[in-house]
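> Once you've had a glance at the structure underneath, I'll fire off some questions.
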Amino acid sequence: MTSAKIDIVCMGEAMVEFTRVNSSKGEVLYIRSLGGDTSNCAISAARQGVNVAYLSAVGDDQFGKIAIDTWLAEGIDVSQVLVDPNSPTGIYFIDPAPEGRNFTYYRAGSAASRMSSISSSRALLSRTAILHLSAITQAISIASTEPSFEAIGIVKKNGGRVSYDTNLRLNLWDLEEARRVINETLTQVDILLPSLDEAQILTGLDNTEDILNFYLQFEPEILALKCGIEGAIVICEGRKEYIPASNVNAIDTSGAGDTFAGAFLAQLIQGESPFEAARFAVVASGISVQGYGAMAPIPNRKQVLRAMER
């Protein structure tokens, strides 16, 4: 077994995504892709040229094969993706509507939600530079919460850093439970990547400065608050900087925050400061909203650098 350092390990659940589109002939068609916040983050980071592994479980079914084949095509290490013969891979449907998008999930009892231990992944986690996970990773089932803390402990013990996105899905758990688990996790997080709209719900605060101060009390090394069309606010070592968003025509914002996270972490791995990393990540996120679906529009490094030169 190699002892080489893994740049980024993303942990969570991926699901096969079906997005409804209307054909020119009036037929209803579905475009198949792969979704899931930490999977999107992994793909975003991999497309920036760093080495990435994914830690999860999929069913021993066609959807699980699609997920694994997708990660392999992106150059992502899948050695710690367990194939569960007794549980399915989650799937979901996206139906665009005038007021936004409607989601229908089929993830109850999925293989990822039944992962109760990551003991077989200790070797990988012990040589991980950055572990990235999200609140969704912890929310998909009661069984999935403990493995997240187990993974964090292994990475921290071996000198790695923990990146955390406070992605909030109230269809998976109630607000008080979400706050309890998320705030407990924040005490161990080095790189904190919340989104402003969800942070307002989680903290009960409306003012951006109050939200920043709330999260700073947990003393993350880096705080990058994603503010959608307003860009991002980055705080590190007492310095605060506002990073404006790219001026783009957004078509679909699916995965924009995940694209930001992956690009941001990749830039940190490549030696950039958090502020330069955020400038890069904001441009990457802006590119990702100009296409349909969460995964397909995620740009590679050359595309981002080209856009930054304009």
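Going by this note's numbering, the sequence shown opens with residue 107, and the numbers climb by one from there.
All residues carry an ideal CB built from backbone N, CA and C; glycine is no exception.
Predicted model only: the values in this text are computed from it and were never measured.
1) Please determine, among 192, 215, 209, 230, the residue with the shortest C-alpha to C-alpha distance to residue 110.
2) Taking a contact to mean a Cβ-Cβ separation below 7 Å, would you say residue 195 touches residue 165 in this structure?
3) Give the secondary structure of residue 321 by DSSP, where H, G and I count as helix, E and B as strand, and everything else as coil.
4) Is the CB-CB distance between residue 201 and residue 192 below 7 Å?
5) Who are the Cβ neighbours of residue 107 in its own chain at under 8 Å, not counting the five residues just before and after it?
6) Are the beta-carbon atoms belonging to residue 404 and residue 185 less than 7 Å from one another?
7) Beta carbon of residue 358: closer than 6 Å to some heavy atom of the ligand PLP?
8) Just confirm the distance between the C-beta atoms of residue 243 and residue 117, as a whole number of angstroms; I'd bet it's less than 8 Å.
9) Helix, strand or coil for residue 360 per DSSP?
10) Could you check if residue 138 is buried or exposed, using at least 16 other CB atoms within 10 Å of its CB as the buried criterion?
11) Could you say if the region 348-358 and the region 286-296 meet the contact criterion of at least three C-beta pairs nearer than 8 Å?
12) Could you round the C-beta distance between residue 227 and residue 249 to whole angstroms and report it? I think they count as a contact, below 8 Å.
13) Give the straight-line distance between the Cα atoms of residue 65 and residue 266, rounded to the nearest whole angstrom.
14) So for residue 352, helix, strand or coil by DSSP?
15) Terminal residues of the continuous alpha helix (DSSP H) containing residue 170?
16) Excluding the 5 residues preceding and the 5 following residue 160 in the sequence, name in chain order all residues of the same chain whose CB lies nearer than 8 Å to its CB.
17) Leaving out five residues on either side along the sequence, give the residues of the same chain with a beta carbon under 6 Å from the beta carbon of residue 397.
The answer reads as follows:
1) Numbered from its first residue, the sequence shown carries residue 110 at position 4. Checked all of 192, 215, 209, 230; the closest Cα to residue 110 is 230.
2) Stepping through the sequence shown from its first residue, residue 195 is reached at position 89. Stepping through the sequence shown from its first residue, residue 165 is reached at position 59. It is a contact, given that the beta carbons lie within the stated cut-off.
3) For the purposes of this step, residue 321 is taken as the residue at position 215 of the sequence shown. Judged by DSSP in its simplified three-state form, residue 321 adopts helix.
4) By one-based count along the sequence shown, residue 201 stands at place 95. By one-based count along the sequence shown, residue 192 stands at place 86. Pairing residue 201 with residue 192 gives a Cβ-Cβ distance that is not under 7 Å.
5) In the sequence shown, the residue the question calls residue 107 occupies position 1. For residue 107, the predicted structure reports a pLDDT of 43, less than 50, and the residue's modelled location is therefore unreliable. A value from the coordinates is still provided. Cβ within range, chain order: 229.
6) The residue you call residue 404 lines up with position 298 of the sequence shown. The residue you call residue 185 lines up with position 79 of the sequence shown. Between residue 404 and residue 185, the C-beta spacing is not below 7 Å.
7) Among the components modelled here there is no ligand, and therefore nothing to report on the ligand PLP.
8) For the purposes of this step, residue 243 is taken as the residue at position 137 of the sequence shown. For the purposes of this step, residue 117 is taken as the residue at position 11 of the sequence shown. The pair is a contact, with the Cβ atoms about 6 Å apart (cut-off 8 Å).
9) As a first step, residue 360 must be located in the sequence shown, where it is residue number 254. The DSSP-derived three-state label of residue 360 is coil.
10) As a working note, residue 138 is residue 32 in the sequence shown. Result: exposed.
11) Flag = no, the region 348-358 and the region 286-296 do not touch.
12) Your numbering for residue 227 matches position 121 in the sequence shown. Your numbering for residue 249 matches position 143 in the sequence shown. About 16 Å separates the Cβ atoms of residue 227 and residue 249, ruling out a contact at the 8 Å cut-off.
13) Since the first and last residues shown for the chain are 107 and 416, residue 65 lies out of range.
14) Taking the sequence shown and counting its residues from 1, the one referred to as residue 352 is at position 246. Of the three classes helix, strand and coil, the one that applies to residue 352 here is coil, per DSSP.
15) If you number the sequence shown from 1, residue 170 lands on position 64. Per DSSP, residue 170 belongs to the alpha helix (DSSP H) from 168-179.
16) Taking the first residue of the sequence shown as position 1, residue 160 is located at position 54. If we look at residue 160 and ignore the five residues flanking it on each side, its Cβ neighbours are 115, 116, 117, 120, 144, 145, 148, 177, 182, 183, 184, 186, 187.
17) Your numbering for residue 397 matches position 291 in the sequence shown. Closer than 6 Å at the Cβ level, and outside the excluded window around residue 397, lie 403.
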